[in-house]
Each structure stands twice: as structure tokens, then as C-alpha cells.
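Chains as they are written, first to last, in my numbering: chain A, -19 to 324; chain B, -19 to 324.
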């Protein structure tokens, strides 16, 4: 199971307990290890669960559940409700895209202390818009009014996506070679991770102050993009071996999820741009290397591993794509991800 | 979308706003009406969404999202965590069973203010147990630690189930005839609905007091049963035309969801038992007819419509099943559900 708490010291400072998150994940593995459905396939990287379609020949269903984290608290506070639905659907689309799946349908879960129909409709409208953009049915959902659980004006939003993939098209981490290029797709902001930290470093009364071309709030609520079209465009011209969606855990914890044993990913931070809001958070929090690259995406939203020979075609296929690193052999005592930071 | 708030005056007294719930549902219909995926099929009764399986011939996927409502607050308060996962999965299994679907896989969403790995594992263990009992994969999930959204010790739990059904086996409401029998399967308690009302009528300090063979807490937390085996046993011996899962909205709002125009369901309350905890709530709250039968299941957890000729075989097929009513023609100005209460 993915886990927002799979994160760093910076999160601990913001009230999120990494050790507890890791222990929960370990316990889940125990629970889930006790029995496994025979149609369940190995889920590469764990971004989505893979289930052989009954009677579907060589096809599998891929499902993923997610939330938008405490970005929801900023949206609620500023009464900007339409974006979180799009954030959530795009997040889910990207998660199952990692195993090459195309969305079929999505269901939302919207929970409030006191139901405001206009707010509920705005949130669901956001989900519907992002679903339609992916030719994905918004097949259902649940709206729960739970006085006593949520404070007035607060709400939570989660969702589950189901997609389909040819089993033959599942990524093959074992095909990775030293020298393969890592293509990065740009992040526009925090997406849906790091908000407990952001709220700890940026007080409520600053949110409406000017920042860049807008306000801090604009930067904080910038929409989690879908990488679906970009990835398909790259796949049209390049052989994509594995992919990763850079969510909670950042480059340091998401990229290793699809690396085979004996390999590491080496990044050169000078090869991509860090969004201004993240530079601001890094500075305010004096974030360490681990804090930065585990709590935040630091400007990389999605990574694709391609043969070096395909790298040029890959980056030409979609705006903003860049070669940001490469695959190397790894000795046993080396980290799975190394990020060389620019010296200024 | 189903909606816990689709409920009655009694709920309003407990802080749940019915008018808001209805308006939200109306607005959702508008949002969802703007575009519909071509593979989305009519979802009879709306208990689950139905999606034609890509390349799956005459089979469809059925999905439903749900939560356990504020039963979660009682479980959290009493630190009894293992039951809510089973409640949730069983609720979801029953929802898609209404369109005859068998479970394939389930995903959970568990959100907390402060993550306690032991609590998280207990909740997920409950989900895993109930999944395994239905040969259903627990395919994934999301655990979110969200300081600021949930109070210490509080958590929310929601889930999404996906099942499969032969399109030919979808229920056919148009086959209903006057004189068909309604078979009821017994509810053991509130299941996952009516808890905001229950908490308003039963103060926290009463929960651990003796009630029946145990405590009020035992009665309140009694597990939402799965009706899967019972329904399949009945289908083995009887022609089942339509079914309903009696959740939020009670008999008055769930049974009409699968009635064709021109028909009503008539129940005789003397034909089934009302669980003691519900009798207690009715008495304490002096609940009206509408309040009782919209807020609570009042002892009926699931209904099946069968030809009168099959009724005897149907009730013999599974313990506790009883004929509790019948289908009649309905004039335009008549209600869709009539419950004749026992005169004592």
C-alpha cells in the first residue's frame, strides 16, 4: 500500500510520523501475505494493484486508491473546491499509468461534517472533468455526512481508479541496463504531497499574499497534472522500460520501487527546474537533502527509463521532457538513488 | 451516488441534513448527466455502477464505493478496531450483490490524524478477513496521515469493491408482477447506518452499560453481515427477480430503487423481528414511521423479490429468511413502499 506517511524528517516536524508509516506498511505486508488471490499479479512498484481479468485473455485490471492529503485543508480554508477533484483523478491516472494501464472508471469518496450541496457538486464536477478528459467513466461514489468526525468546513476526498492493461505490456524492470536514460516530466508544484510540511512552513495568513505571478495559495493549489498524454506520446517514439510517479516519498523512494536489484538511478539536479514554491519551502525549512527529495517532488513529477538511443526522440515527443539522469550498476552498500545537486 | 444523508427527520435532529443530501444528489445527477462513457450500463437501483468489460464479451464489471459512517466514532472511542473493516467489506459485497455481481477485488482508504500502526493493521486485518471470506483480493489501499483534518484517535475508513456479472444475469425489474413475494434477510443491528442518530440518543457514558447479552456497545458495533451466501443459496432454488440492500434510507428509500413504475412493495412488520437495540432507539427518540423506516433498517438487512410459487423454497434455503411482504399494483398517488405495522 502506498502511504503518505512514507516520508521524511521534515514531515515529522509537521506532525507526520515516518516510523509509524513504515511500521504500518510492514504490518500490512504481514496481513496481506497471509493470503493472496490466485488472479492477483505482481504489481510492479506497487503504484497500482494488478488483477488478471476473468475471461479477459491476456488482459489485466489495474486499480489504485488515493487521497489528496492535506492539500484539502488549504482548498477548504480558501473555499477553492473545483481543483481537488481534478488533482485526485489525475493522481490516480498517473499511478496506474506506471504499469501502462489506461483508465476505465473511477469512484470517489467525499466525506464532510456538514454537507453543503454546492461544495459537494464543485468537488464532484472536478472529478467528472478530469475523468472525461481521460475517457474514464465516473461510475459512482459515496457522499458521507458525518457530524463529529469532520470540523465545520472541513472535508476529505479519496478515490479509486480501475484501468486495463495487456499483460504483455506490463513494464519489465529486468530489461533495465546501465546507461539507460531517465526522462523526467516536469512537476508544476507540490501536486498532492508535502502539504502538512507546507502548512507548517507557510502560515495561513500568508496564503493570500503575492507570490510569483499570483499568490502563495495559487502556487500551493497548482493542479496535479495528468501525464497520460505525455507518456503515450513518448511511448509512440521510444521504448519505455519502466516508469515512476513521483508522489509522497519523492525521487528517493518512488524511483527505487521499479528498479531491479543491482541498479541505481543517478540524477543531476541541474538538469531540471525546481518550482519557485518548492525553493521557498526548502529555504524556509532549511530542508536537508533527504527532507527535500523524500517530502517533495522537487520539480520532477514522473520518470521514464528509455534506452540511451531513444532519449533524444523521447524528450522531443512532449514539451518539458528532459533527460535528468541515467541508470548505473549499484554495489550492495550504495543507495538506490543518487541526486547530484548543482553547485552554485 | 448513494448518500448517508439520504435520510429522515431523526437524522436532522442528529445533525445530518436531509434536504442538503437530496440537493447534492440532484446536483450530482446534473454533473454526471453531462457526459456518460459509452461502456457504462444502466445501474439498476444505483447500488453499484455497471461497466461493460472491455473485450469481456457479455460480462460487466460492477463497482461500488462506501464508508462505514459514524459507526467509526464508536469503534474509535471504544478502541475496537477489527470490526469496521469487516463491516465495510460486507457492506460493499452486499451492494454489488444487488445486481448479482460476485466480488473480484477491494481497495481501502484509511485516514487518520495520527497514525498508530497497530490500529491501522487491525483495521486492514478486518478488511483482509472479510475479503478472503469472499475469495476477493485485497488489491491495494491508501493510508493517509493527515494532522489537522482528523482529531487525535479519530479515523475514517472507506473502500471500493469491484465485481463481475454476466450482463444476462442483471436483475430485471420489468419482470415484477403483482403477487410476487418479498423475502427478507434479517439484520443483526444498525449495520453501517443510523449511527449519528444512535449517538444522539445514546450518550457515550451509556455505551459500556449492560444491554441484552452484552453491552450497548456490543449491540451498536454488531457486525454488518454479508448476504452473499444466503442470496446464492436462495438463487439455487428460486427465481430471484430483483433485490435491495437495506442501508441508509431504510426500507422506504432502498426498496423503491429497484421497483418498476406502477408497482409498490407492501410489508407486514409483524412478519419479522426488530433487533432490541433498534426498539430501544425508537423508544428513546419516539421515532415516527418515516424516521424509523428511513433512518434504520428496523431488522431487515436485504430483500429479494421472488414469484409466489418460489417463496417457500426461498425461505427454506437459508436460516432466518422470511416472506415479509409482496408486490402490488400502485396508483399514481400512492407511496412506493407501505409498511403495515403490527397493532399490539
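Where a beta carbon is used, it is the ideal one built from N, C-alpha and C, also for glycine.
Since the model is a prediction, treat every value here as computed from it, not as a measurement.
When the Cα of residue 231 of chain A is compared with those of A/42, A/279, A/260 and A/289, which residue comes out closest?
Against the first chain, residue 231 of chain A aligns to sequence position 251. Ranked by Cα distance from residue 231 of chain A, the first of A/42, A/279, A/260 and A/289 is A/279.
Compare the Cα-Cα distances from residue 7 of chain B to each of A/176, A/72 and A/103 and report the closest residue.
As a first step, residue 7 of chain B is located in the second chain; it is residue number 27 there, counting from the start. Nearest Cα to residue 7 of chain B within the set A/176, A/72 and A/103: A/103.
For residue 246 of chain A and residue 381 of chain A, the rounded distance between their alpha carbons:
Beyond the ends of chain A as shown, which are -19 and 324, falls residue 381 of chain A; an answer cannot be given.
Considering residue 244 of chain A, what are the terminal residues of the beta strand (DSSP E) in which it resides?
The residue you call residue 244 of chain A lines up with position 264 of the first chain. From DSSP, the beta strand (DSSP E) with residue 244 of chain A extends over 243 to 248.
State yes or no: is the beta carbon of residue 33 of chain A nearer than 9 Å to at least one beta carbon in chain B?
Sequence index remark: in the first chain, residue 33 of chain A carries index 53 (1-based). True, the Cβ-Cβ gap to chain B drops below 9 Å.
If contact means a Cβ-Cβ distance below 8 Å, which residues of the segment 161 to 191 of chain A contact chain B?
With the criterion set as a beta carbon lying under 8 Å from some beta carbon of chain B, the members of the segment 161 to 191 of chain A are 176 and 179, in sequence order.
Assigned exposure category for residue 1 of chain A - 16 Cβ within 10 Å defines buried
As a working mapping, residue 1 of chain A is identified with position 21 in the first chain. By the neighbour-count rule (16 or more Cβ atoms within 10 Å), residue 1 of chain A is buried.
Can the beta-carbon of residue 26 of chain B be found less than 9 Å from the beta-carbon of residue 139 of chain B?
Indexing the second chain from 1 puts residue 26 of chain B at position 46. Indexing the second chain from 1 puts residue 139 of chain B at position 159. Not a contact, by the Cβ cut-off of 9 Å.
The segment 186 to 203 of chain B / the segment 283 to 290 of chain B touching (three or more Cβ pairs under 8 Å):
Too few Cβ pairs lie closer than 8 Å, so no.
Excluding the five sequence neighbours on either side, which residues of its own chain have a C-beta within less than 6 Å of the C-beta of residue 84 of chain A, listed in chain order?
Residue numbering aside, residue 84 of chain A sits at position 104 when the first chain is read from its first letter. Hits under 6 Å: 142, 143 and 144.
So is residue 278 of chain B in contact with chain A if we call contact Cβ pairs under 9 Å?
Here residue 278 of chain B is taken as the residue at index 298 of the second chain, counted from 1. No, no contact with chain A.
Using beta-carbon positions only, say whether residue 176 of chain A and residue -5 of chain A come within less than 9 Å of one another.
Residue numbering aside, residue 176 of chain A sits at position 196 when the first chain is read from its first letter. Residue numbering aside, residue -5 of chain A sits at position 15 when the first chain is read from its first letter. Their beta carbons are under 9 Å apart, which means residue 176 of chain A touches residue -5 of chain A by this criterion.
Looking at the structure shown, is residue 117 of chain B part of a helix, part of a strand, or coil, going by DSSP?
In the second chain, the residue the question calls residue 117 of chain B occupies position 137. Of the three classes helix, strand and coil, the one that applies to residue 117 of chain B here is strand, per DSSP.
Within the segment 147 to 213 of chain B, ranges of the beta strand (DSSP E) (whole runs, at least 3 residues):
Listed in chain order, the complete beta strand (DSSP E) runs (minimum 3 residues) inside the segment 147 to 213 of chain B are 161 to 166.
Can you say whether residue 193 of chain B is buried or exposed, counting buried as having 16 or more other CB atoms within 10 angstroms of its CB?
Residue 193 of chain B sits at position 213 when you count from the first residue of the second chain. Exposed, since its Cβ has fewer than 16 Cβ neighbours within 10 Å.
In whole angstroms, give me the CA-to-CA distance for residue 133 of chain B and residue 57 of chain B.
Here residue 133 of chain B refers to the residue found at position 153 of the second chain. Here residue 57 of chain B refers to the residue found at position 77 of the second chain. Cα to Cα, the separation comes out at about 8 Å.
Taking C-beta to C-beta, are residue 4 of chain B and residue 101 of chain A nearer than 9 Å?
Residue 4 of chain B sits at position 24 when you count from the first residue of the second chain. Residue 101 of chain A sits at position 121 when you count from the first residue of the first chain. In this structure, residue 101 of chain A lies closer than 9 Å to residue 4 of chain B by Cβ.
If you run the structure through DSSP and keep just helix, strand and coil, what is residue 36 of chain A?
Against the first chain, residue 36 of chain A aligns to sequence position 56. Residue state, collapsed to three classes: coil.
In whole angstroms, give me the CA-to-CA distance for residue 186 of chain B and residue 265 of chain B.
Within the second chain, the letter at position 206 stands for residue 186 of chain B. Within the second chain, the letter at position 285 stands for residue 265 of chain B. Computed Cα separation, rounded: 15 Å.
Pull up the DSSP beta-bridge partners for residue 306 of chain A, would you.
By one-based count along the first chain, residue 306 of chain A stands at place 326. Beta-bridge pairing links residue 306 of chain A to A/161 and A/246.
Using a Cβ-Cβ cut-off of 8 Å (strictly less than) and excluding sequence neighbours within five positions of residue 240 of chain A, which residues of its own chain qualify?
To locate residue 240 of chain A, count along the first chain from 1; it is residue 260. Counting only Cβ-Cβ distances below 8 Å, and skipping sequence neighbours, we find 153, 154 and 156.
At what residue ranges does the segment 71 to 129 of chain A contain a whole run of the beta strand (DSSP E), taking only runs of 3 or more?
Within the segment 71 to 129 of chain A, the complete beta strand (DSSP E) segments of 3 residues or longer fall at 82 to 92 and 117 to 125, listed in chain order.
C-beta neighbour in chain A for residue 122 of chain B, strict 9 Å
Within the second chain, the letter at position 142 stands for residue 122 of chain B. Yes, because at least one Cβ of chain A sits closer than 9 Å to the Cβ of residue 122 of chain B.
Residues sharing a beta bridge with residue 268 of chain A, DSSP
Here residue 268 of chain A corresponds to residue number 288 of the first chain, with the count starting at 1. Paired residues: none, contrary to the question.
Assuming residue 301 of chain A contacts residue 214 of chain A under a Cβ cut-off of 8 Å, what Cβ separation, rounded to an integer in Å, is found between them?
Taking the first chain and counting its residues from 1, the one referred to as residue 301 of chain A is at position 321. Taking the first chain and counting its residues from 1, the one referred to as residue 214 of chain A is at position 234. Indeed, because the Cβ distance is near 7 Å, the residues count as touching under 8 Å.
Would you list, in chain order, the members of the segment 209 to 239 of chain B that have their beta-carbon closer than 7 Å to a beta-carbon of chain A?
With the criterion set as a beta carbon lying under 7 Å from some beta carbon of chain A, the segment 209 to 239 of chain B has no members that meet it.
Using a Cβ cut-off of 9 Å (strictly closer), state whether residue 315 of chain B contacts chain A.
Working through the second chain from its first residue, we reach residue 315 of chain B at position 335. Answer no: the Cβ-Cβ gap between residue 315 of chain B and chain A never drops below 9 Å.
For the segment 26 to 46 of chain A and the segment 31 to 48 of chain B, state whether three or more C-beta atom pairs, one from each stretch, are separated by less than 8 Å.
With the cut-off at 8 Å, the segment 26 to 46 of chain A and the segment 31 to 48 of chain B touch.
Out of B/43, B/298, B/181 and B/159, which one is the CA nearest neighbour of residue 285 of chain B?
Mapped onto the second chain, residue 285 of chain B falls at position 305. B/159 is the residue among B/43, B/298, B/181 and B/159 whose C-alpha sits nearest the C-alpha of residue 285 of chain B.
Coarse secondary structure for residue 140 of chain B, derived from DSSP in three states:
The residue labelled residue 140 of chain B in the question sits at position 160 within the second chain. Strand at residue 140 of chain B.
Where residue 52 of chain B meets chain A, residues with beta-carbon distance less than 9 Å
Residue mapping note: residue 52 of chain B aligns to position 72 of the second chain, counting from 1. The answer, in chain order, is 126 and 129.
Under the assumption that residue 43 of chain B contacts residue 63 of chain B (Cβ atoms under 8 Å), give the Cβ distance between them as a whole number of angstroms.
Residue 43 of chain B sits at position 63 when you count from the first residue of the second chain. Residue 63 of chain B sits at position 83 when you count from the first residue of the second chain. That belief does not hold up - the Cβ atoms of residue 43 of chain B and residue 63 of chain B are roughly 24 Å apart, past 8 Å.
Taking 9 Å as the threshold (beta carbon to beta carbon), is residue 387 of chain A in contact with chain B?
Nothing can be reported for residue 387 of chain A, as the shown portion of chain A is limited to -19 through 324.
For residue 309 of chain A, collect the residues of the same chain with a Cβ closer than 6 Å to its Cβ; drop the 5 residues on either side in sequence, then sort them by chain order.
Sequence index remark: in the first chain, residue 309 of chain A carries index 329 (1-based). Within the same chain, residue 309 of chain A has close Cβ partners 158.
Residue 59 of chain B in three-state terms, based on DSSP:
For the purposes of this step, residue 59 of chain B is taken as the residue at position 79 of the second chain. DSSP places residue 59 of chain B outside both helix and strand once states are collapsed to three, so it counts as coil.
Which residues mark the beginning and the end of the beta strand (DSSP E) in which residue 294 of chain A is found?
Within the first chain, the letter at position 314 stands for residue 294 of chain A. Segment 291 to 296 is the alpha helix (DSSP H) holding residue 294 of chain A; no beta strand (DSSP E) there.
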